[in-house]
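Notes follow once the structure below has been shown.
Protein chains: 2
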Amino acid sequence: MNATIKDVARAAKVSIATVSRILNNQPGYSLKTKQRVLKAIKTLNYQPNAVARGLINKKTRTLGILVPNVSSMFSSLLLKGVEDAAYTRGYSVIMCHTANSGVRTMDYLHVLKEKRVDGLLFTSEVLKDAYYDEIRRMGVPLVLLATQSLNDSIPYVKVDDRMAAYHAVRYLIAKGHTKIGMISGNKEDRIAGQPRIDGFIQALKDHNLSFNQKQIVYGPSFSFDDGKRLLLDLLSKNRGLTAIFAASDFLAVGALSAAYSSGLRVPDDLSIIGYDNLEIAKMSLPPLTTVGQPLFQIGSVGGMMLIDIIEDKGNVEGRILPHQIIERQTVSERSKALTEKNYDKQ
Amino acid sequence: MNATIKDVARAAKVSIATVSRILNNQPGYSLKTKQRVLKAIKTLNYQPNAVARGLINKKTRTLGILVPNVSSMFSSLLLKGVEDAAYTRGYSVIMCHTANSGVRTMDYLHVLKEKRVDGLLFTSEVLKDAYYDEIRRMGVPLVLLATQSLNDSIPYVKVDDRMAAYHAVRYLIAKGHTKIGMISGNKEDRIAGQPRIDGFIQALKDHNLSFNQKQIVYGPSFSFDDGKRLLLDLLSKNRGLTAIFAASDFLAVGALSAAYSSGLRVPDDLSIIGYDNLEIAKMSLPPLTTVGQPLFQIGSVGGMMLIDIIEDKGNVEGRILPHQIIERQTVSERSKALTEKNYDKQ
DNA sequence: TTGTAGGCGTTATCAG
DNA sequence: CTGATAACGCCTACAA
Chain A
1 MNATIKDVAR
11 AAKVSIATVS
21 RILNNQPGYS
31 LKTKQRVLKA
41 IKTLNYQPNA
51 VARGLINKKT
61 RTLGILVPNV
71 SSMFSSLLLK
81 GVEDAAYTRG
91 YSVIMCHTAN
101 SGVRTMDYLH
111 VLKEKRVDGL
121 LFTSEVLKDA
131 YYDEIRRMGV
141 PLVLLATQSL
151 NDSIPYVKVD
161 DRMAAYHAVR
171 YLIAKGHTKI
181 GMISGNKEDR
191 IAGQPRIDGF
201 IQALKDHNLS
211 FNQKQIVYGP
221 SFSFDDGKRL
231 LLDLLSKNRG
241 LTAIFAASDF
251 LAVGALSAAY
261 SSGLRVPDDL
271 SIIGYDNLEI
281 AKMSLPPLTT
291 VGQPLFQIGS
301 VGGMMLIDII
311 EDKGNVEGRI
321 LPHQIIERQT
331 VSERSKALTE
341 KNYDKQ
Chain B
1 MNATIKDVAR
11 AAKVSIATVS
21 RILNNQPGYS
31 LKTKQRVLKA
41 IKTLNYQPNA
51 VARGLINKKT
61 RTLGILVPNV
71 SSMFSSLLLK
81 GVEDAAYTRG
91 YSVIMCHTAN
101 SGVRTMDYLH
111 VLKEKRVDGL
121 LFTSEVLKDA
131 YYDEIRRMGV
141 PLVLLATQSL
151 NDSIPYVKVD
161 DRMAAYHAVR
171 YLIAKGHTKI
181 GMISGNKEDR
191 IAGQPRIDGF
201 IQALKDHNLS
211 FNQKQIVYGP
221 SFSFDDGKRL
231 LLDLLSKNRG
241 LTAIFAASDF
251 LAVGALSAAY
261 SSGLRVPDDL
271 SIIGYDNLEI
281 AKMSLPPLTT
291 VGQPLFQIGS
301 VGGMMLIDII
311 EDKGNVEGRI
321 LPHQIIERQT
331 VSERSKALTE
341 KNYDKQ
């Protein structure tokens with residue numbers, strides 16, 4: 001059905017070697033033959049077979065990316081970033097939805113190996129030893145996105161979670177808040193858990209605010225429903241809280257929702273700052289102030305980095321990308337007077 | 001680096017033909033040799049090279065999917081569905097973010113052809129002739145997701161947009177609303193535009209409600225920002241509206257936001273029903289009532305269908321999947337009395 | 001039950 | 001400047 005290099009050679013009355021040279025613009029042919037060949041290519045609508053090329057070159061110009069959830073607002077931005085980098089560099093990307101499942105992840109690793117992808121991206125989840133061993137055996141480069149490996153020196157690109165959390169809380173403090181609670185998601189999470197908690201506590205300490213463990217409340221995940229539940233939990237354990245740092249936008253929006261249901265007005269009665277700056281942050285009511293991580297960029301920078309490694313242009317160092325406070329409408333300025341007034345109420 | 005079939009053959013002291021037979025479990029070997037070969041495979045950690053296989057079989061077990069925006073809540077669910085079908089059938093999927101760009105789409109079509117994918121999924125956008133011609137030349141099956149081609153009989157999987165809109169409006173009417181407006185997105189959109197408008201109008205007519213063109217308001221897209229703007233526009237053109245049908249959840253949530261800003265309470269003063277049932281519908285304030293389309297399913301059914309065609313098991317007919325009204329909290333019951341009371345106010 | 005050999009579409013190394 | 005030809009890793013007649 002599809003024309004092959006042989007067809008082109010025959011049509012142009014040259015050898016396949018010559019066609020190949022022209023295709024890969026290597027030296028060794030006259031202008032005339034080149035034009036003849038080019039014409040043959042056009043009329044036959046010839047396009048080289050990447051599979052055959054891959055076989056001999058041992059390069060497929062294909063990347064594999066493993067994400068826990070293809071459709072989450074978080075991962076999908078990462079995906080888009082990777083895709084963009086791949087596109088501009090002439091690579092394709094195979095997406096693998098791991099569903100947080102070990103067997104599914106291993107399955108994909110095997111497929112990706114069989115398909116001889118040139119490199120791997122691994123996102124969000126922690127890189128288990130079993131995965132890493134398998135990847136080592138594949139012998140392809142790997143870069144981590146929005147996550148980091150503790151024991152090994154695998155290149156990664158992410159934000160400084162501890163610092164970002166610190167800045168979020170510092171922002172609250174700068175706005176005059178002194179009674180601040182935190183809705184942490186799953187504290188076992190190596191990236192979104194402890195580091196953000198540490199940042200929260202450090203910010204409190206650095207500004208001479210007292211800290212008690214009950215100011216932090218934990219959940220199984222970082223979801224909207226957890227946010228709803230956890231806000232109530234947090235409020236019941238602490239009196240007089242005026243601001244809250246939520247470890248994800250979903251948690252924050254869930255908190256927003258719970259606040260609304262219990263008659264608390266945001267930001268008048270309670271300020272909330274989120275984490276991530278997903279699309280939903282713009283669309284919540286009121287629009288959510290949050291500390292944003294550049295997810296698309298993390299993806300594209302990571303993709304570029306991986307391709308650089310593949311093509312040996314590579315600095316293979318981890319990279320921390322800057323985060324940023326996105327001011328919207330869920331954090332209020334809190335004057336001293338206001339604070340006292342509020343105390344009276346309670 | 002990686003072991004080949006030849007290495008296995010040598011290690012097991014058989015010919016590569018025998019190894020191949022065992023790999024593809026075809027008849028023609030004794031149990032003993034099989035076990036010997038299997039052991040060799042294990043110890044060498046051999047995995048077949050899918051590139052070589054693809055070259056000879058002319059099958060890559062790879063699908064290509066073209067989506068306008070990888071990271072939109074809408075497309076990403078479709079993606080996940082396709083991915084899931086592919087995974088269960090042993091296929092991989094290459095994702096292509098077209099960014100609504102013609103050249104980018106054509107670029108992708110070319111690489112997908114070069115990489116010899118076994119089939120194509122095309123989503124959301126209209127299938128331009130240039131795309132279709134190129135795909136025909138590729139000679140691979142195609143299925144359309146959440147869109148449909150008018151002139152040709154290409155298999156598709158989608159919802160009945162006209163019917164879904166009709167039901168949304170009928171639902172509003174059943175709740176006692178008689179003054180209903182519509183926020184349409186881009187009316188040029190072949191799928192999300194006119195069909196939903198038609199459904200809206202038809203529902204009104206079938207229930208003997210008057211209809212005037214100004215009850216519908218249009219925007220450039222289906223976005224949150226458009227929703228904000230368009231609600232105000234709609235309200236200014238029509239007095240006494242008690243309910244609104246928005247052609248997308250984003251439009252609806254934008255409308256929610258605008259309503260809030262202008263002091264209108266949803267659903268007490270104004271009811272709103274959306275379209276899509278994206279994740280955001282659960283998380284809006286109040287949670288959005290909407291007519292849901294099963295995006296994940298559309299993706300997975302479409303993926304299965306495509307693979308069926310590839311593997312010649314194929315019924316190649318288009319399929320309409322059922323939509324469903326998802327009742328949440330943005331539509332109020334409207335008694336006759338209430339209606340009159342509201343009229344007095346205005 | 002097993003092995004030999006040709007070929008899938010390219011690239012690359014030789015000669016000429 | 002050009003053309004044979006041997007790989008790449010695998011599958012599959014065809015023989016044995």
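So the protein lines, in turn, are chains A and B.
Counting from 1, one number per residue, gives the positions in the first sequence under full-length UniProt numbering.
Counting from 1, one number per residue, gives the positions in the second sequence under full-length UniProt numbering.
For every residue, glycine included, the Cβ atom is placed at its ideal position computed from N, Cα and C.
Keep in mind the model is a prediction, meaning the values are calculated, not measured.
Task: Terminal residues of the alpha helix (DSSP H) in which B:Ser75 lies - done: 73-89
Task: chain B contact residues for A:Phe224, given Cβ-Cβ distances below 8 Å - done: Lys282, Met283
TODO: Please compile the residues from chain B whose C-beta is within a distance smaller than 9 Å of the C-beta of A:Thr330.
DONE: By Cβ distance, chain B contributes nothing, its closest Cβ being about 12 Å from A:Thr330, past 9 Å.
TODO: Please list, in chain order, all residues of the same chain as A:Ile180 whose beta carbon is under 6 Å from its beta carbon, the five residues on each side excluded.
DONE: Leu172, Ala243
- [ ] Could you tell me the boundaries of the beta strand (DSSP E) in which A:Gln194 lies?
- [x] Careful: A:Gln194 lies outside any beta strand (DSSP E), inside the alpha helix (DSSP H) at 194-206.
Task: Beta-carbon proximity of B:Arg104 to A:Tyr87, cut-off 9 Å - done: B:Arg104 places its beta carbon less than 9 Å from that of A:Tyr87.
Task: Reduced DSSP category for A:His97 - H, G, I as helix; E, B as strand; rest coil - done: strand
TODO: For A:Ser20, decide whether its Cβ has a neighbour in chain B, counting only Cβ atoms nearer than 9 Å.
DONE: no
Open item on the list: Is the beta carbon of B:Ala146 closer than 9 Å to that of B:Val159?
Closed with: yes
Task: Pairwise C-alpha distance: A:Gly274 and B:Ala52 - done: 49 Å
- [ ] Check the DSSP bridge columns for B:Asp276 and list the partner residues they point to.
- [x] B:Gly292
- [ ] In the DSSP assignment, find the unbroken alpha helix (DSSP H) run with B:Tyr156 in it and report its ends.
- [x] Element bounds for B:Tyr156: not the alpha helix (DSSP H) but the beta strand (DSSP E), 156-159.
- [ ] Say whether chain A places a C-beta atom closer than 9 Å to the C-beta of B:Gly139.
- [x] Judged by the 9 Å Cβ criterion, B:Gly139 is in contact with chain A.
- [ ] Check whether the region 78-94 of chain B touches the region 61-69 of chain B, counting contact only when three or more Cβ pairs, one atom from each stretch, lie closer than 8 Å.
- [x] The answer is yes - the region 61-69 of chain B touches the region 78-94 of chain B, with three or more Cβ pairs under 8 Å.
Open item on the list: With a threshold of 9 Å between beta carbons, is B:Asp344 in contact with chain A?
Closed with: Model confidence at B:Asp344 stands at a pLDDT of 39, short of 50, so the residue's coordinates are unreliable; what they give is reported in the following sentence. Not one chain A Cβ lies under 9 Å of B:Asp344.
Open item on the list: Taking 7 Å as the limit between beta carbons, can you name the residues of its chain near B:Lys34, skipping five residues before and five after?
Closed with: Excluding sequence neighbours, B:Lys34 sits near Ile22.
Task: Start and end residues, alpha helix (DSSP H) containing A:Phe224 - done: 224-237
Open item on the list: Which residue marks the beginning of the alpha helix (DSSP H) containing A:Ile41, and which one marks its end?
Closed with: If you look at A:Ile41, you'll find it in the alpha helix (DSSP H) that goes 31-44.
TODO: Taking a Cβ distance cut-off of 9 Å, strictly less, list which residues of the region 283-317 of chain B are near chain A, in chain order.
DONE: Those residues of the region 283-317 of chain B that come within reach of chain A (Cβ to Cβ, closer than 9 Å) are Met283, Ser284, Leu285, Pro286, Pro287, Leu295, Phe296.
Task: Same chain only: Cβ atoms within 8 Å of A:Val253, ignoring 5 sequence neighbours per side - done: Phe224, Gly227, Gly274, Ile280, Ala281, Ser284, Leu288
Task: Contact set for A:Leu306: own chain, Cβ-Cβ below 7 Å, skip 5 residues either direction - done: Leu63, Gly119, Leu121, Pro141, Val143
Open item on the list: Between which residues of its own chain and B:Asp233 is the CB-CB distance below 8 Å, once the five residues before and five after are set aside?
Closed with: Val217
Task: alpha helix (DSSP H) segment containing B:Arg21, residue limits - done: Boundaries of the alpha helix (DSSP H) harbouring B:Arg21: 16-23, taken from the DSSP string.
Task: Chain-order list of residues whose beta-carbon lies under 7 Å from that of B:Gln194 (same chain, five-residue window excluded) - done: Lys187
Open item on the list: Under 8 Å, with one C-beta from each stretch per pair, do the region 318-330 of chain A and the region 289-303 of chain A reach the 3-pair mark?
Closed with: yes
TODO: Decide if the region 77-84 of chain A is in contact with the region 24-31 of chain A; the criterion is three or more beta carbon pairs, one per stretch, under 8 Å apart.
DONE: Result no; under three Cβ-Cβ pairs closer than 8 Å.
Task: Own chain, CB closer than 7 Å to A:Lys214, minus 5 neighbours either side, in chain order - done: Lys237, Asn238.
- [ ] Spell out the partners DSSP gives A:Phe245 in its beta bridges.
- [x] According to DSSP, A:Phe245 bridges with A:Met182, A:Ile273.
Task: Cβ shell of B:Ile197 (< 6 Å), same chain only, five flanking positions each side left out - done: Ser184
Open item on the list: Determine, for B:Val51, whether the minimum Cβ-Cβ distance to residues of chain A falls below 9 Å.
Closed with: yes
Task: Residues within the region 91-114 of chain A neighbouring chain B, beta-carbon criterion of under 7 Å - done: Under the 7 Å Cβ criterion, the region 91-114 of chain A contributes Ser92, Val93, Ile94, Met95, His97, His110, Val111, Lys113, Glu114.
- [ ] Mind listing the chain B neighbours of A:Arg265? Cutoff is C-beta to C-beta under 9 Å, in chain order.
- [x] Under the 9 Å cutoff, chain B gives no residues; its nearest Cβ is about 12 Å from A:Arg265.
Task: Collapsed DSSP secondary structure at A:Ala11 in the structure displayed - done: helix
- [ ] Measuring only between beta-carbons, confirm whether A:Phe250 sits less than 9 Å from chain B.
- [x] So, interface residue.
Task: For A:Arg61, three-class secondary structure by DSSP - done: coil
Task: Contact list for B:Ser76 against chain A, beta-carbon separation under 7 Å - done: Around B:Ser76, the beta-carbon contacts reaching into chain A at under 7 Å are Val70, Ser71, Ser76.
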